[in-house]
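Going by this note's numbering, the first residue of the sequence shown is number 97, and it counts up by one from there. Written out below as structure tokens is the structure these notes cover.
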Amino acid sequence: MHRSLQVPGRARPSARAFSLLEMLIVIGIIGLIAALVLPRIAAGFGKGQVKTTQAQLELLTTATEGFKLDIGRYPTEQEGLLVLVEKPADPIAAAKWKAPYLQKKTIPMDGWGRPFVYKLDPTFGFEIKSLGADGKEGGEGENADLSNRE
């Protein structure tokens, strides 16, 4: 009769496991790769939000110009961008209003999920602006304001 002298639950002497040092080296390499790659991925995500915001600004600018062609004036600050999807309260403007000026019948948000700021400007007509990633006036880089006048 042949009996094994091996203790149950233990690996066979021919099976080799990773040492603690080898495990720490692998974890360190993975951490180094993550430290190099993640900032680039995050920067690309920020650029996507800027591009989304710029596309929405173009869409809103075109819709606002269409409103002016039909009504004869830009939306007032009180009407804001909402008048692009809802009939104006002013009866004269309401009579000339020719349906929603945006296909989705909703006002899009900027790339960071915040509403755009609309201002009437006597010199340039109007300005539609996103306050950037930080949601505050001014800023640089990703936090810079984006406007239809840029």
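Just so you know, even glycine gets a beta-carbon here, dropped at the ideal spot from N, CA and C.
- If you look at Ile203, you'll find it isn't in any alpha helix (DSSP H); DSSP assigns it neither H nor E.
- For Ala229, the CB contacts under 6 Å within the same chain, skipping 5 residues up- and downstream, are Trp208, Glu238 and Asn239 in chain order.
- Shown here, Gly235 sits in coil according to DSSP, grouped into three states, outside any helix or strand.
- With contacts defined by Cβ atoms closer than 8 Å, Gly162 and Tyr214 do not form a contacting pair.
- In its chain, beyond the 5 residues on either side, Ser226, Leu227 and Gly231 have a beta carbon closer than 8 Å to the beta carbon of Arg210.
- Following the DSSP letters along the chain, one finds Lys215 inside the beta strand (DSSP E) bounded by residues Val213 to Asp217.
- Within 10 angstroms of the beta-carbon of Ala159 lie 16 or more other beta-carbons, which makes it buried.
- The residues Gly228, in chain order, have a CB closer than 6 Å to that of Gly235 in the same chain once the five nearest residues on each side in sequence are set aside.
- Rounded to whole angstroms, the separation of the alpha carbons of Leu128 and Phe212 is 39 Å.
- Scanning its chain for C-beta atoms nearer than 7 Å, with the 5 sequence neighbours on each side dropped, one finds around Asp166 the residues Lys192, Trp193 and Lys194, in chain order.
- The shortest C-alpha to C-alpha distance from Leu155 to any of Glu118, Lys201 and Gly124 is the one to Lys201.
- The C-beta of Pro184 has 16 or more other C-beta atoms within 10 Å across all chains shown, which makes the residue buried.
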